[in-house]
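Throughout, this note's numbering is defined as the position within the sequence shown, counted from one, plus 4. Have a look at the structure below, then the notes.
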Amino acid sequence: MAGVRVAPAFHAARYPDVPGRPGVRGVVFVHGYVCNRGLWGPWLARCTAEQRPYVAVDLEPVFSDLDIYVPQLEAAVARLEKSTGLPPLLVCHSMGGLVARAWLAATPGAATRVQHVITIGSPHRGTWLARLSRTTNSRHMRQASEWITGLAAREPALHTGRFTCFYSHADNIVFPACAATLPGADNRHLPATAHVAMVFHPEVVSEAARWLAASSSCVAGGASGR
């Protein structure tokens, strides 16, 4: 199953991670189900052009317990923390948003180690479509699954205030649309935008740029920017 991916492997290798330098906030990109870091190609090209540090993870193995991915995200966050001295911005598509939440819930002090979390079409409350699949991670993403309810029970409510969640009534993978929202988060609707297309929606890109610009001005002013 190693070859099963939405984004071809050569896309994943096109833009290597840029660890960055002190004082310039980085971005951790977390892809979704049956995908890889190649999904983020246009984002990575933009980061490269702007000399923005980034790490785009490859979640392996492809069909796994979602908690298995937590150490992979921890390694990515720690890498950017070490090279930049700043908590990174997390940008997560689909299943990647659940991995971010699992990392926050499982890692002491994690909430202070990220600037903000942007999720794009993430099945925070599960998705109806997952009932048609038998893989371990898709079973976790079923509505009211034991994994989903367990995650919600163990994560502090204050974590959701660090989230901006983009959702769409045209999402053809995560539905109903409210499944991609979180209580207490900044939930934003993208009209007439399908699941993968949401990744490249101008409003999503602008929101990430807004957070990074705000952090830059804070750093220039001597504040932490967290």
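For every residue, glycine included, the Cβ atom is placed at its ideal position computed from N, Cα and C.
For residue i, count neighbouring C-beta atoms within 10 Å of its own C-beta (all shown protein chains included) and say buried if the count is 16 or more, exposed if not.
i	result
residue 166	buried
residue 91	buried
residue 182	exposed
residue 27	exposed
Considering only the beta carbon of each residue, do residue i and residue j sit closer than 8 angstroms?
i	j	result
residue 94	residue 203	no
residue 180	residue 83	no
residue 36	residue 137	no
residue 186	residue 120	no
residue 170	residue 192	yes
residue 19	residue 53	no
What residues are listed by DSSP as bridge partners for residue i?
i	result
residue 72	DSSP output for residue 72 lists no bridge partner at all.
residue 167	121
residue 176	Partner(s): none; residue 176 has no beta bridge.
residue 60	33
Can you tell me which of the three DSSP states residue i falls into?
i	result
residue 141	helix
residue 186	coil
residue 94	strand
residue 218	helix
residue 210	helix
residue 129	coil
residue 192	strand
residue 103	helix
residue 22	strand
residue 135	helix
In chain order, what residues of the same chain have a beta carbon less than 8 angstroms from the beta carbon of residue i, not counting five sequence neighbours either side?
i	result
residue 176	198 and 199
Excluding the 5 residues preceding and the 5 following residue i in the sequence, name in chain order all residues of the same chain whose CB lies nearer than 7 angstroms to its CB.
i	result
residue 231	In the structure as shown, the chain begins at 5 and stops at 230. Residue 231 is therefore absent and cannot be evaluated.
residue 117	81, 85 and 91
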